[in-house]
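Note that the working numbering gives residue 124 to position 112 of the sequence shown, counting from 1, and the numbers run on in steps of one.
Worksheet: the structure to be examined is printed underneath.
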Amino acid sequence: MEITTSGTILFRNTMRITDGHLDDFRRAVTQAVAFTREHGPQLMVEVFIDEERMLAHSFQLYRDCDAIRTHWRLSDPYIRGVMEHCTVQHFEVFGEPDPDIVAALKTPDGGGFPFTVSPRLAGFNRLAPWVTQPGR
């Protein structure tokens, strides 16, 4: 069996929205996504919300670990703004991130939040033609 060598990494972040913060959370996420669309390196960002359970799910697809580092550097104020209105319930990383990316998922006090890393087995994507074509 051949293992794919793609460097793409997918993040799935499940966040619990703080009671009474739904509208502020929505505003913060909308601002963060707008900034990321304009300036961020992600290939894809999608955020879904389950108001009944006060959960949000964010999916972000990166070309490689350098793109993750760039995103974190550029978007830190927006990430902090979102985190004022939620807590990370679970964070999933799909792909093979560099050790410094995994280490950065832990908080400075070593606590961090629950996360898993699932290495790639096989796959492909068709994103390149869409990313490079004008008007797409």
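We treat Cβ as the ideally placed atom computed from N, Cα and C, and that holds for glycine.
* Would you kindly work out how many angstroms separate the C-alpha atoms of residue 97 and residue 19, rounded to a whole number? => Indexing the sequence shown from 1 puts residue 97 at position 85. Indexing the sequence shown from 1 puts residue 19 at position 7. Whole-angstrom Cα-Cα distance: 32 Å.
* Apply the 10 Å Cβ neighbour rule to residue 46 and answer buried if 16 or more other Cβ atoms are within range, or exposed otherwise. => Position 34 of the sequence shown, counting from 1, holds the residue named residue 46. It counts as exposed.
* Same chain, Cβ closer than 8 Å to residue 118, five either side skipped, listed in chain order -> Translated into positions along the sequence shown, residue 118 becomes position 106. Answer for residue 118: 124, listed in chain order.
* Asked: Under a three-way DSSP split, which group does residue 54 fall into?
  -> Against the sequence shown, residue 54 aligns to sequence position 42. DSSP places residue 54 in coil when its eight states are reduced to three.
* Asked: On the premise that residue 73 lies in contact with residue 43, defined as a C-beta separation below 8 Å, what is that separation, rounded to the nearest angstrom?
  -> For the purposes of this step, residue 43 is taken as residue 31 along the sequence shown, with counting starting at 1. For the purposes of this step, residue 73 is taken as residue 61 along the sequence shown, with counting starting at 1. About 20 Å separates the two Cβ atoms, so there is no contact after all.
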